[in-house]
Amino acid sequence: MLRSLRLAALLGGLLMATVASARDIDAASYGYPLTNPFEATIATTPPEQRPTLPSDDDIDQADYSLTLRPEREFTLPDNFWSVKKLRYRLAKQDHEAPLIFLIAGTGAPYSSSINEYLKKLFYQAGYHVVQLSSPTSWDFMSAASRFATPGVSSEDAKDLYRVMQAVRAQQARLPVSEYYLTGYSLGALDAAFVSKLDETRQSFKFKRVLLLNPPVNLYTSITNLDKLVQTRVKGIDRSTTFYELMLEKLTRYFQDKGYIDLNDALLYDFQKSREHLSNEQMAMLIGTSFRFSAADIAFTSDLINRRGLIIPPKFPITEGSSLEPFFKRALQCDFDCYLTEQVIPMWRARTDGNSLLQLVDQVSLYALEDYLRDNPKIAVMHNADDVILGPGDIGFLRRVFGERLTLYPHGGHCGNLNYRVNSDAMLEFFRG
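Going letter by letter, the sequence shown gives residues -22 to -1, 1 to 410 in mature numbering (1 follows the signal peptide of the UniProt record, and there is no 0).
Spelled out as structure tokens, the structure:
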């Protein structure tokens, strides 16, 4: 018994040592100016505290397209003409260099603002950069996804991996020394599953993989975001919508300034004005953005698979058809609804899966715990106040990643990725 107690004490001490070894950034020395997580998520970093990066004119870049699902040329409606091929963006150096893949977050295309920022950061540091859409974006679902029902992380990773291989084949003459991988938000979770897949397929042998603000428990994260839409907001009633309230605030803000100036500093400057959004209004803005993404996913998945949940299976859709009534119907289906009505039936039909809890475990970082714990090439950068995290998530990251976890005190969800301190840390990690 005594020996067992001593062993337990030893193991407990080792566990605590691992937990304590995470890099916790001190709030006093960090310097990020926004301590409100909602504000940071929306406004990100003031322009003067971002690194100086090249303009698009100074980058050798172009968009390319891949034909990955040729059958969709005939099965997708005519008004899906722009997404029957998958587009991606490549920024290339004029010499041999490492190549880094960037995976966008929930519902975001390859050209999302965060992907654009990361492209400039890594291009300036000497990398070839490939920007990829999220498997949950309508262009990826239409042109690259086998089942067009994203949400099962291992399957999404297989689709992404096939895209990466197709990019490399199309860019066969590009001189690449080694491969790196990163993603933000849901794209970070995707990156973890892609990295695990590459361990067996060995197409890229990624040298380093960085996960930026990943969901730990995917179901917790989407539940947190869905709840934000339900926030009670002062000033909104049956006669005044949230969007009308926002428009009134922006109108008064620009009237006070005397001119309209739409630039990177707008939201940060707006939040310093008397028209600034309350916590409740910011929460609803974030939640509404996510609800639109969820509706887009549910709508596109239903349309491609002709499930008849949102659009009648035989409803004729032409290039001139209005899809607005169907999208309004999709807005009534939150992410939980999408999982229940589309993801789980597809998952059960293809596997021996049964319960929602089983699915949640398989699509979250929990499923990769042993792989992530033992792999020194994978690191995480996260924020202690990220709105997508739930109870126990930070403890999981500490336990699994140890010193490979960098935890910032502020920044909300991805709001500090363009802060100089964070940008320097990203580059330092990839330099090794």
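Just so it is clear, CB atoms sit at the ideal spot from N, CA and C, and this is done for glycine as well.
Residue i burial status per 10 Å Cβ neighbour count (16 or more: buried)
i       : result
Asn394  : buried
Arg179  : exposed
Ala147  : exposed
Arg151  : exposed
Asp176  : buried
Arg284  : exposed
Gln143  : exposed
Ala327  : exposed
Phe52   : exposed
Asn241  : Residue placement at Asn241 is flagged as unreliable, the pLDDT there being 48, under the threshold of 50; the coordinate-derived value follows with that caveat. Exposed, by the Cβ-count rule.
Asn396  : buried
Tyr221  : Low per-residue confidence applies at Tyr221: pLDDT is 47, beneath 50, and the placement is therefore not dependable, though the value from the model is reported in the following sentence. By the neighbour-count rule (16 or more Cβ atoms within 10 Å), Tyr221 is not buried but exposed.
Asn400  : buried
Gln259  : buried
Lys62   : buried
Asp402  : exposed
Lys205  : exposed
Pro87   : buried
Asp348  : exposed
Asp371  : buried
Leu110  : buried
Ala(-6) : Confidence in Ala(-6) is poor, its pLDDT being 41 and thus under 50, which makes the residue's placement unreliable; the coordinate value appears in the next sentence. With fewer than 16 other Cβ atoms within 10 Å, it is exposed.
Span separating the alpha-carbon of residue i from that of residue j
i           : j      : result
Ala6        : Asn14  : 15 Å
Val321      : Val130 : 8 Å
Glu74       : Pro24  : 34 Å
Ile238      : Gly9   : Confidence at Ile238 is low in this model, with a pLDDT of 42, below 50, so the placement of that residue should be treated as unreliable; the coordinate-derived value is given next. Answer to the nearest angstrom: the Cα atoms are 30 Å apart.
Thr160      : Phe79  : 6 Å
Gly265      : Lys355 : 34 Å
Asn191      : Ala166 : 7 Å
Ser120      : Arg50  : 7 Å
Gly83       : Lys292 : 32 Å
Phe374      : Leu367 : 11 Å
Phe184      : Phe408 : 11 Å
Thr127      : Phe58  : 17 Å
Val338      : Ala135 : 16 Å
Pro153      : Phe305 : 44 Å
Thr218      : Ser173 : Interpretation of Thr218 is limited by its pLDDT of 48, a score under 50 that renders its predicted location unreliable; the figure taken from the coordinates is listed afterwards. Going from the Cα of Thr218 to the Cα of Ser173 covers about 47 Å.
Gly389      : Leu77  : 28 Å
residue 412 : Lys98  : Residue 412 lies beyond the stretch modelled for the chain, which goes from -22 to 410, so this question has no answer here.
Thr114      : Glu17  : 25 Å
Ala276      : Arg307 : 10 Å
Glu406      : Ile37  : 22 Å
Asp312      : Pro369 : 22 Å
Ser123      : Asp274 : 15 Å
Pro193      : Leu350 : 14 Å
Leu287      : Asp137 : 24 Å
Cys392      : Arg377 : 22 Å
His360      : Ser33  : 27 Å
Thr201      : Asp314 : 7 Å
Continuous alpha helix (DSSP H) stretch holding residue i: start and end
i           : result
Arg398      : 398 to 409
Glu17       : 15 to 21
Leu31       : Counting along the chain, Leu31 falls outside any alpha helix (DSSP H), and DSSP gives it neither H nor E.
residue 464 : Shown here, the chain extends from -22 to 410; a query on residue 464 therefore has no answer.
Arg186      : It is not in any alpha helix (DSSP H) - Arg186 instead sits in the beta strand (DSSP E) that spans 186 to 190.
Gln102      : 91 to 102
Val338      : 334 to 341
Cβ-Cβ separation, residue j to residue i (assumed contact under 8 Å), whole Å
i      : j      : result
Phe268 : Leu203 : 4 Å
Arg28  : Glu381 : About 27 Å separates the two Cβ atoms, so there is no contact after all.
Ala261 : Tyr316 : Actually they are not in contact, since the Cβ atoms of Ala261 and Tyr316 sit about 21 Å apart, beyond 8 Å.
Leu68  : Gln39  : 6 Å
Asn195 : Ser342 : 5 Å
Phe100 : Ser132 : Actually they do not touch by this definition, with Cβ atoms about 27 Å apart.
Tyr66  : Val108 : 6 Å
Glu112 : Leu164 : One detail in the question is off: residue 112 reads as Ser in this sequence, not Glu. Right, their Cβ atoms sit about 6 Å apart.
Ile3   : Pro387 : 6 Å
Met324 : Phe125 : 6 Å
Gln71  : Gly104 : 6 Å
Val187 : Ala169 : 6 Å
Leu263 : Ile20  : 6 Å
Start and end residues, beta strand (DSSP E) containing residue i
i      : result
Ile356 : 356 to 361
Ile78  : 75 to 81
Gln109 : 106 to 110
Tyr88  : It is not in any beta strand (DSSP E) - Tyr88 carries neither H nor E in the DSSP assignment.
Ala40  : 39 to 44
Chain B contact for residue i (CB, 7 Å cutoff)
i      : result
Asn202 : No chain B is present in this structure, which holds just one protein chain.
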